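**Q** Quick note: the sequence shown uses our numbering, first residue 26, plus one each step. The beta carbon of each residue, even a glycine, is placed where N, CA and C say it ideally should be. Because the structure is a prediction, the values reported are computed rather than measured.
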Amino acid sequence: QSLQRKPSTNVAPLKANLFIDGTWLYYSLNTRNPDRCPIIKKFGKGWQNNYKVDWLALPKLICSQMEKQRYSKTSFTKSERPIEIARIMVFTSAKRETDPNSIRMRMFRDMANANYDVHMMETVGQGEKCVDIQLAVE
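(1) In the structure shown, what three-state DSSP assignment does residue 75 receive?
(2) Which whole runs of the beta strand (DSSP E) in the region 30 to 72 are 3 residues long or more, in chain order?
(3) Report back the beta-carbon spacing between residue 119 and residue 145 to the nearest angstrom; my notes put them in contact at under 8 Å.
(4) Among all the DSSP beta bridges, which residues are the ones paired with residue 130?
(5) Rounded to the nearest angstrom, what separates residue 71 and residue 109 at their Cα positions?
(6) Within its chain, find whatever has a CB closer than 6 Å to the CB of residue 113; leave out the 5 residues flanking it on each side and keep chain order.
(7) Around the Cβ of residue 56, are there at least 16 other Cβ atoms within 10 angstroms (buried) or fewer (exposed)?
Printed below as a string of structure tokens:
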């Protein structure tokens with residue numbers, strides 16, 4: 026009689042932290058070429074005013090994709106431990122005069138409401154290099 030390994034249901038998950046460049050994400054979602062943007066093609070121009078991003082789903086999607094990759098033929102790590110996102114940190118900046126009801130500020134408020142740690146700094150001048158530095162240091 027051969028013994029087959031059964032997945033353990035009582036193991037601690039592998040924990041990961043998620044670091045997001047919020048400025049890059051904002052511009053990636055909101056300033057794409059309308060002719061090539063799959064979001065605009067599916068939901069139409071101005072989608073941000075009619076739909077909400079489910080920020081609570083993002084960590085679940087990331088964990089799901091990580092687990093798929095982990096069990097792929099090319100993966101070197103075979104673990105039965107589930108993956109869990111322990112903390113999500115978003116780094117961004119905005120000018121002081123940015124309208125608090127703008128799409129940009131609403132996006133970061135929605136992320137904070139989904140328990141993301143949003144680190145908002147003030148943009149001085151034209152550059153936002155402070156976000157890159159914060160990501161590198163954290």
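**A** According to the structure data:
(1) helix
(2) 39 to 46
(3) 7 Å
(4) According to DSSP, residue 130 bridges with nothing at all.
(5) 33 Å
(6) 43 and 141
(7) exposed
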